[in-house]
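For the sequence shown, the positions run -26 to -1, 1 to 370 when mature numbering (1 follows the signal peptide of the UniProt record, and there is no 0) is used.
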Amino acid sequence: MGSSTPQLLILVVFTIFLSSTPSHNAAHGYSYSNRTTAGECGCADPPAPPPPPPQPSDFLNMRQYQAYLVIQAFKATITCDPNNVTASWVGSRPCNYTGFFCAAPPDATDMPTVASIDFNGFRLCAPSLVGFLDRLPDLALFHANSNNFSGPVPDLTRLPFLYELDLSNNNHSGAFPAAVIPLSNQLVFLDLRFNAFSGAVPGSVFLLDLDVLFLNNNRFGQRLPAELWSSPPPTSPSPNNGFTGPIPSSIGNASSVLLEVLLLNNRLTGCLPYEIGLLGNVTVFDAGGNLLTGPIPLSFGCLARLEQLNLAGNLLYGPVPDAVCWLARVGSLANLSLSENFFTSIGHSCWRLLKSGVLDVRRNCIPGFPDQRPVAECLHFFLFPKFCPSFLSFRA
């Protein structure tokens, strides 16, 4: 009894010491019985997981589901979207996505799906349209003006309903997209302006039965093909490229349909063909900024509906025909720009246009007129033989 008393006393003291000593967690302010929530401490709750992708059964039909898959794959390749249009490209209703429009295709009138795309002005960036445009088989219209799409144009032969294609003002490059040629029986609108296509344009392109064809502001370089006006749209499609050679006499074949001839800023050479005078419906003829030479054919006086004639910046010479200036009195001619050539005189009717500002003949070789070329420059030009026929001939 006596020996166990000290041991019992030590045990009691040790127990009291433990009960009065704070735990390690409590000493550091931790309490498992009074934990605060994330909201109480001001911390953000972890983000909710993204919703699962829609399933095929969520869509109105399988064609919309297939379109959804293509759109999502394309969305993943987009590298810039300044207008945040792709934020709407979610969910099982692709017909509600910004830029997408639905209709029932001819072969499935009870299954509306993506039939039209209008990306005009979205300024989206993507390295390629391959795998997107060519995988929407029900597409009828694709308009993508003013974006930053690049790469080649996809194979479009599996798009049997496509009839309007606008890829203008992008960064496409390489050869002319021959993929459009097999669409000759369906395509009516083709706009490839303001890209970096180069090389030759196949002559068969100009045989397509198009209402609209725009090829300007690319880097095409070839002689103007004779087929250019075989089956033309109302507007000649060729300014601001690198086309060479003469204007084909076949231009006269388009007399019934051609409304505007736009050949400016190329490298065209040779004489103006008299067949231009057969274009009785033309309102604009612009061949400025080329290397055309010779006199203006008298047949130009037959262009009764002409409103604007620009031949500035060429190597034309001889008198300015009175018959051309007469168009301002009997027709609608309001702008006649002949500056930067080598004309030597003007017809009687041209004086009136000169005073009214309709006619511009600066930088020519007309004696006594202001703002003409130096005499030495004119003499040097006329030292060399000229190969175009006389201005008195209709076959200039």
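Note that beta-carbon positions come from the ideal geometry of N, C-alpha and C, so glycine has one too.
Looking at the unbroken beta strand (DSSP E) that takes in residue i, where does it start and where does it end?
{"i": "residue 74", "result": "74 to 77"}
{"i": "residue 137", "result": "Premise fails: residue 137 is in no beta strand (DSSP E) and is neither H nor E."}
{"i": "residue 310", "result": "309 to 311"}
{"i": "residue 120", "result": "Per DSSP, residue 120 belongs to no beta strand (DSSP E) and is neither H nor E."}
{"i": "residue 181", "result": "Premise fails: residue 181 is in no beta strand (DSSP E) and is neither H nor E."}
{"i": "residue 90", "result": "87 to 92"}
{"i": "residue 284", "result": "282 to 284"}
{"i": "residue 147", "result": "145 to 149"}
Starting from residue i and walking both ways along the alpha helix (DSSP H), at which residues does that stretch end?
{"i": "residue 351", "result": "349 to 356"}
{"i": "residue 296", "result": "296 to 299"}
{"i": "residue 45", "result": "36 to 49"}
{"i": "residue 172", "result": "Premise fails: residue 172 lies in the beta strand (DSSP E), 170 to 173, not in any alpha helix (DSSP H)."}
{"i": "residue 323", "result": "322 to 330"}
Please classify residue i as buried or exposed, where buried requires at least 16 neighbouring CB atoms within 10 angstroms.
{"i": "residue 359", "result": "exposed"}
{"i": "residue 356", "result": "exposed"}
{"i": "residue 5", "result": "Low local confidence applies: a pLDDT of 42 at residue 5 is under 50, so the model's placement there is unreliable, with the coordinate-based value given in what follows. Looking at its Cβ environment, which holds fewer than 16 other Cβ atoms inside 10 Å, residue 5 is exposed."}
{"i": "residue 87", "result": "buried"}
{"i": "residue 315", "result": "buried"}
{"i": "residue 131", "result": "exposed"}
{"i": "residue 290", "result": "buried"}
{"i": "residue 23", "result": "exposed"}
{"i": "residue 57", "result": "exposed"}
{"i": "residue 70", "result": "exposed"}
{"i": "residue 62", "result": "exposed"}
{"i": "residue 177", "result": "exposed"}
{"i": "residue 271", "result": "buried"}
{"i": "residue 146", "result": "buried"}
{"i": "residue 189", "result": "buried"}
{"i": "residue -2", "result": "No answer about residue -2 holds up, because its pLDDT of 43 lies below 50 and its placement is not dependable."}
{"i": "residue 251", "result": "buried"}
{"i": "residue 31", "result": "exposed"}
{"i": "residue 26", "result": "exposed"}
{"i": "residue 306", "result": "exposed"}
{"i": "residue 74", "result": "buried"}
{"i": "residue 167", "result": "buried"}
{"i": "residue 330", "result": "exposed"}
{"i": "residue 342", "result": "exposed"}
{"i": "residue 207", "result": "buried"}
{"i": "residue 199", "result": "buried"}
{"i": "residue 43", "result": "exposed"}
Let me check one thing: in DSSP terms, what residues is residue i bridge-paired to?
{"i": "residue 234", "result": "209, 258"}
{"i": "residue 219", "result": "242"}
{"i": "residue 163", "result": "138, 186"}
{"i": "residue 290", "result": "268"}
{"i": "residue 100", "result": "123"}
{"i": "residue 54", "result": "99"}
{"i": "residue 334", "result": "311"}
{"i": "residue 274", "result": "According to DSSP, residue 274 bridges with nothing at all."}
{"i": "residue 106", "result": "The partner list for residue 106 (beta bridge, DSSP) is empty, contrary to what the question assumes."}
{"i": "residue 319", "result": "293"}
{"i": "residue 279", "result": "The partner list for residue 279 (beta bridge, DSSP) is empty, contrary to what the question assumes."}
{"i": "residue 343", "result": "In DSSP, residue 343 forms no bridge with anything."}
{"i": "residue 194", "result": "173"}
Beta carbon of residue i, beta carbon of residue j: below 8 Å?
{"i": "residue 262", "j": "residue 212", "result": "no"}
{"i": "residue 141", "j": "residue 169", "result": "yes"}
{"i": "residue 352", "j": "residue 362", "result": "no"}
{"i": "residue 269", "j": "residue 292", "result": "yes"}
{"i": "residue 372", "j": "residue 276", "result": "What the structure shows of the chain is the stretch from -26 to 370, and residue 372 is not part of that stretch, so it cannot be assessed."}
{"i": "residue 157", "j": "residue 136", "result": "yes"}
{"i": "residue 266", "j": "residue 246", "result": "yes"}
{"i": "residue 163", "j": "residue 138", "result": "yes"}
{"i": "residue 185", "j": "residue 153", "result": "no"}
{"i": "residue 301", "j": "residue 280", "result": "yes"}
{"i": "residue 197", "j": "residue 216", "result": "no"}
{"i": "residue 98", "j": "residue 54", "result": "yes"}
{"i": "residue 249", "j": "residue 223", "result": "yes"}
{"i": "residue 118", "j": "residue 52", "result": "no"}
{"i": "residue 238", "j": "residue 192", "result": "no"}
> Are three or more beta carbon pairs between the stretch 35 to 49 and the stretch 57 to 73 nearer than 8 Å?
Replying inline: yes
>> Measuring CB atoms only, is the stretch 227 to 238 touching the stretch 252 to 260, in the sense that at least three cross pairs come out at less than 8 Å?
In response: Touching, yes.
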